[in-house]
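Student:
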Amino acid sequence: MDSRIRHFVSISTAAFALVALVQLVRALTGFAVQLGPYPVPVAASWLIFIAAGALAFWGARMLRRG
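Residue numbers for the sequence shown follow UniProt numbering, so the first one is 1 and each next one is one higher.
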């Protein structure tokens, strides 16, 4: 794998892992989030946790495979 692509995948994997971690903490604590006048349900955090976690896992697998 090209070093520039490897660097991009490393940063993307770290970013998705951080997003997954933040969403997991929000889902477990039930922290209220509101976008303008609309409350964001905790179920959305579970979905985002799964999606971001899957992308982070996929990136980590790509890095291991080289």
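No residue lacks a Cβ here, since even glycine has one placed at the ideal position from N, Cα and C. What you are looking at is a predicted structure, and each value in this text was computed from that prediction instead of being measured.
1. Just grab the DSSP bridge partners of V40 for me.
2. Is the segment 3 to 11 touching the segment 23 to 35 in the sense that three or more CB pairs, one from each, lie closer than 8 angstroms?
3. Are the CB atoms of G53 and S12 nearer to each other than 8 angstroms?
4. Please report the straight-line C-alpha distance between L47 and F8, rounded to a whole angstrom.
5. So, is residue 134 buried or exposed, given that buried needs 16 or more other C-beta atoms within 10 angstroms?
Tutor: From the atom records:
1. Taking the sequence shown and counting its residues from 1, the one referred to as residue 40 is at position 40. DSSP, once it has assigned bridges, lists V33 as partnering V40.
2. no
3. For this step, residue 53 is matched to residue 53 along the sequence shown. For this step, residue 12 is matched to residue 12 along the sequence shown. It is not a contact, given that the beta carbons lie outside the stated cut-off.
4. Your numbering for residue 47 matches position 47 in the sequence shown. Your numbering for residue 8 matches position 8 in the sequence shown. Going by the C-alpha atoms only, they are around 24 angstroms apart.
5. Because residue 134 is not part of the residues shown, which for the chain are 1 to 66, the question remains open.
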